[in-house]
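Worksheet: the structure to be examined is printed underneath.
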């Protein structure tokens, strides 16, 4: 089968679109590729002839989907995508996703075997030049099957049911419309519309079990924040923690604006601001405050002040000669 260069380029784009989403309406594909629905039908037939299992969907609008299976031909990756996947797999070796380290290494080896020589050299050079510092030891781990099931539901705008364990260990059954997954260090969060509570919620993914897609599609709702990461950050700030610190920092609020991870910052005057920050663990709270380079006073809680004094005394003893 002979095809022109323009047609070949369009086929690659069509295949890339089909690989990136579970199903596509025919008219939407035609609009994306700026061709007629008839051309899309012809291109789909060409892909089938090349061995790609493209299935037609019935319904008022019709559509197409790429069937998953062992006979699936190789993914089409451009140079940047191949590099991004290789780097991501290497990073996954130190991730918080349970049991993924060895799997990521095996997948990376397979990817390198099929990379063109020039890309393989770039990936290997990056690996030799890069080391990973494990800042956080231990901590919660996420079931990769749970994570991928949630990611698929986000992609396909499909409702899910799951079991959830709250911070106070109270179990519950939830039905939700998943919006996004957010990674914050070693923790993963699901941002979703909770159908039972008719409101937005942030769920810790390591507390989610038995994810079940229920086959019901939904129209995405408007998130009450600029993006999912901002919503998670806002939720974490508003969520009551065991300890809340109040600190006066001798610097303007503008000086601390680039360090929003510290907590909520309120100006007092041109040279001072108030910081409010919280955590369930005194040590993490103490170290977060200790990282502030400007002069400051901690006003409470008493447990935090005692803990910071103990840490300071320990540092002083360890540096005395």
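Numbering (my numbering), first residue to last: 33 to 353. Note that beta-carbon positions come from the ideal geometry of N, C-alpha and C, so glycine has one too.
Under 9 Å between C-beta atoms of residue i and residue j
| i | j | result |
| --- | --- | --- |
| residue 220 | residue 263 | no |
| residue 284 | residue 311 | no |
| residue 242 | residue 204 | no |
| residue 115 | residue 192 | no |
| residue 304 | residue 296 | no |
| residue 58 | residue 83 | no |
| residue 211 | residue 253 | yes |
| residue 324 | residue 336 | no |
| residue 332 | residue 278 | yes |
| residue 47 | residue 61 | no |
| residue 185 | residue 147 | no |
| residue 298 | residue 267 | no |
| residue 318 | residue 300 | no |
Per DSSP, cross-strand counterpart(s) of residue i
| i | result |
| --- | --- |
| residue 258 | For residue 258, which the question treats as bridged, DSSP gives no partner whatsoever. |
| residue 235 | 222 |
| residue 296 | 308 |
| residue 243 | Paired residues: none, contrary to the question. |
| residue 277 | 309 |
| residue 328 | 281 |
| residue 56 | 96 |
| residue 249 | 190 |
Best match in the options for proximity to residue i [C-alpha to C-alpha]
| i | options | result |
| --- | --- | --- |
| residue 222 | 209, 229, 228 | 209 |
| residue 206 | 50, 227, 301 | 227 |
| residue 176 | 118, 237, 343 | 237 |
| residue 149 | 295, 289, 330, 111 | 111 |
| residue 261 | 224, 152, 249 | 224 |
| residue 76 | 86, 67, 68 | 86 |
| residue 99 | 63, 56, 326, 68 | 56 |
| residue 155 | 178, 188, 185, 120 | 120 |
| residue 240 | 61, 198, 277 | 198 |
| residue 97 | 61, 318, 346, 54 | 54 |
| residue 50 | 187, 152, 68, 157 | 187 |
Supposed contact pair residue j and residue i - C-beta distance, whole angstroms, cut 8 Å
| i | j | result |
| --- | --- | --- |
| residue 42 | residue 65 | 6 Å |
| residue 213 | residue 182 | 6 Å |
| residue 327 | residue 282 | 4 Å |
| residue 189 | residue 250 | 6 Å |
| residue 339 | residue 314 | 5 Å |
| residue 287 | residue 306 | That belief does not hold up - the Cβ atoms of residue 287 and residue 306 are roughly 13 Å apart, past 8 Å. |
* Asked: Whole beta strand (DSSP E) runs in the region 66–100 with 3 or more residues, listed along the chain?
  -> Along the length of the region 66–100, whole beta strand (DSSP E) runs at least 3 residues long occupy 86–89, 95–98, reported in chain order.
* To do: Within the region 183–215, note down every full beta strand (DSSP E) run reaching 3 residues or more, in order along the chain.
  => Secondary structure remark: continuous beta strand (DSSP E) runs of at least 3 residues inside the region 183–215, in chain order: 190–197.
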